[in-house]
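Encoded as structure tokens, the structure appears first; notes follow it.
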Amino acid sequence: MSRQKLGQHFLASTKALQRIVKAASTGGSGLAVEIGPGKGALTQYLLPAFERVIAIELDRDLVQFLRDRWSHEPRLEILERNALQVDWEPFGAGVVVGNLPYYVATAIISSFVQKPGLLGPGIFLIQKEVAERITATPGHREYGYLSVECQLLCKTELLFSVPPGAFQPPPQVDSAVIRLTPVTPPADLDVPSFLQFASACFRQKRKTLRNNLISRYDREVLEPFPEMGQRAEQLSVAEFVKLYRALEPRIPPIAERDASASPETSSSPAPGSGTTVGASAEALLTGSGLTGSGEMSSSKIASVGSPAKL
Ligand code: SAM
């Protein structure tokens, strides 16, 4: 893959780098796992703040650059890996941090949030439009499947914005730093199955829940629920869980579902499907679906999303 496709926009703003490390340092963990260290702009600030840093980089040349730069630093371990194929388990409760390559940012974040109880907080610099989707609350334009997925499993905070000029070379879009702090999902909730349900609810964002769920349930099963006249974007995470629990015993086995149901294009990624998540990442790469919304004051710390109260 070419350098450009690897999303190599190196962060050059000292202020932004220090703010990211400060946000990552609040958890008290001695380990930072950095995704996409590039030439080490963030790594150089992580090393004094953490006892150990594990850096995961896909670009072989950059891996060599980093190994040369820190050849005498035993506290830094550099892994030449694809962050999407990493086994997170050995990292324990370390903080996960990174100026993420935007073409795979949502896929990396999905993989991060779906490890409940395994990892410490995640501090990610990502495309601002994605940060807004992750932290959006019900009733807002940005609220969708990604918000529900992240907010079921994490407390989500949008910390601050980073303008294109802070990078070298500058990206075409605004960026923002988010913090995702894992929370324990309800013990008896089948998370993958719930996420499939949530994905189906958002299948066509402008349609009612009834229209989105009719391919999964009989009409008479759905009718008693007043929510069916609403759109998915109006329901909180807790309301989705409640609805799922009420409908779940009626979900037929996948093999029995009508495979030929509505051929409409899905507007939300199917959970657990690397292919679909990847397709969404491709859309990010091409810059589609950008909101172009206004810049947030860099000093404003907004806690937008909060963990679901279930
Ligand atoms: N952290 C550095 C900085 O802020 O200057 C670089 C950030 S740059 C936006 C993203 C980095 O992620 C690049 O170094 C790129 O090579 C690397 N990268 C891209 N895809 C990756 C993947 N799938 N797994 C791991 N690293 C990846």
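Everything in the sequence shown is counted per the working numbering, starting at 80 for the first residue and increasing by one.
Where is the CB? At the ideal position from N, CA and C, for every residue including glycine.
Between the beta-carbon of residue i and the beta-carbon of residue j, is there less than 8 angstroms?
i	j	result
M307	L326	no
A103	I188	no
E236	T214	yes
V192	A111	no
T122	L158	no
L232	P264	yes
A134	F246	no
V256	V270	no
A277	R295	no
With 16 as the cutoff for other CB atoms within 10 Å, does residue i come out buried or exposed?
i	result
A266	exposed
R285	exposed
E136	buried
Between residue i and residue j, how many whole angstroms is the CB-CB distance? I'm expecting something under 8 angstroms.
i	j	result
Q230	V316	5 angstroms
L198	P116	Incorrect: roughly 18 angstroms between the Cβ atoms, too far for contact.
I205	Y181	7 angstroms
Y129	G109	The question names Tyr, but residue 129 in the sequence shown is Phe. About 6 angstroms separates the two Cβ atoms, so the contact holds.
In whole angstroms, what is the alpha-carbon distance linking residue i and residue j?
i	j	result
P350	V209	In this predicted model, P350 has a pLDDT of only 46, less than 50, meaning its place in the structure is not dependable; the value taken from the coordinates is given anyway. The alpha-carbon atoms of P350 and V209 are separated by roughly 17 angstroms.
L126	Q283	45 angstroms
H219	F319	16 angstroms
G119	R139	14 angstroms
D166	S190	10 angstroms
K84	L238	27 angstroms
L301	N290	10 angstroms
From which residue to which residue does the beta strand (DSSP E) around residue i run?
i	result
S150	Segment: none, S150 is in no beta strand (DSSP E) and carries neither H nor E.
E299	It is not in any beta strand (DSSP E) - E299 instead sits in the alpha helix (DSSP H) that spans R298 to L301.
S240	C233 to V241
V174	V174 to N178
V112	L110 to I114
F203	G201 to Q206
I157	L155 to E159
Residue range of the alpha helix (DSSP H) that residue i falls in?
i	result
R258	Not the alpha helix (DSSP H): R258 falls in the beta strand (DSSP E), residues S254 to P261.
R131	Where R131 is concerned, there is no enclosing alpha helix (DSSP H), although the beta strand (DSSP E) it sits in stretches over R131 to E136.
Shorter than 7 angstroms, the distance from the beta carbon of residue i to the closest heavy atom of ligand 2, or not?
i	result
E136	In the structure on display, ligand 2 does not appear, and the ligands it does have are ligand 1.
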